Amino acid sequence: SQRNAVLEERPNIFPEFLLPGTFDINLKAFKKTISQAIVARKYTPLMPIHVSRRLMENSFSEIFAEHQFIDFSTFMRLLETQYASSSRDPSKCPARWAVVNAILALGVRFKTAAGSEAAMGDVVKGFYNNGIAVLPELMLREPSLLAVQALLAMAMFARGVPDLQAFVMLVTNASRLLQLLS
């Protein structure tokens, strides 16, 4: 009982979703959801919004240390709007869906501890694939700055994996859309 009193007095350093045991249970459940979505050929649902917010607060500056094509407040507005519309599909805005998913994939990849890449691989791949799934819509709809940003975010992700062909295709199409905007 004295031990419990000491534990209750300790300040909460970590958010609840990162506490020992809780994180593992949540990750296992989320990975199961991703596996089911992949088998059913559906979109991977986004993480709970509080997790996505915290991830972006802690990784956004690292992601865009070299090339910043979107600022933090703009991205957070897009993130909030996407969650308000749907955390399971593009909800009539494939460009927003693609940019949110690509940047979340980058955030998870940047914050994954060395040696844990395999454990988080399905999460990262699921978010990246969400963006790639709407690629035809990004290319065939009226060009927009958001579509260019989505293609660039996916290109940043592709640059970090051994898929040079995807990187070149995404950058080339972003450049083409940008030319069409001018």
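Under the working numbering, think of the first position of the sequence shown as 37, with each following residue one higher. From the three backbone atoms N, C-alpha and C, an ideal C-beta is built for every residue, glycine too. As the structure is a prediction and not an experimental result, all values here were calculated from the model.
Between residue i and residue j, which are expected to be in contact by the criterion C-beta below 8 Å, what is the C-beta distance as a whole number of angstroms?
i, j, result
"T80", "N166", "5 Å"
"L213", "V184", "5 Å"
"L63", "I99", "Wrong, their Cβ atoms sit about 21 Å apart, outside the cutoff."
"A134", "L174", "6 Å"
"A186", "F203", "Actually they do not touch by this definition, with Cβ atoms about 15 Å apart."
Could you give the DSSP three-state label for residue i: helix, strand or coil?
i, result
"T148", "coil"
"Y79", "coil"
"R177", "coil"
"S121", "helix"
"S109", "helix"
"V197", "coil"
"E153", "helix"
"Q104", "coil"
"K10", "Because the chain here runs from 37 to 218, residue 10 falls outside it and cannot be looked at."
"G167", "helix"
"G143", "helix"
"G162", "helix"
On the DSSP letters alone, give me the boundaries of the alpha helix (DSSP H) that residue i sits inside.
i, result
"V99", "Here the sequence assigns Ile to residue 99, which means Val is not the residue at that position. Start and end: 85 to 99."
"Q201", "200 to 217"
From residue i to residue j, what distance separates their C-alpha atoms?
i, j, result
"V136", "R145", "14 Å"
"F163", "A138", "6 Å"
"T117", "C129", "10 Å"
"A120", "L114", "10 Å"
"G196", "F96", "16 Å"
"K161", "L217", "30 Å"
"S180", "I85", "26 Å"
"V170", "L82", "15 Å"
"E153", "A189", "20 Å"
"Q72", "A101", "35 Å"
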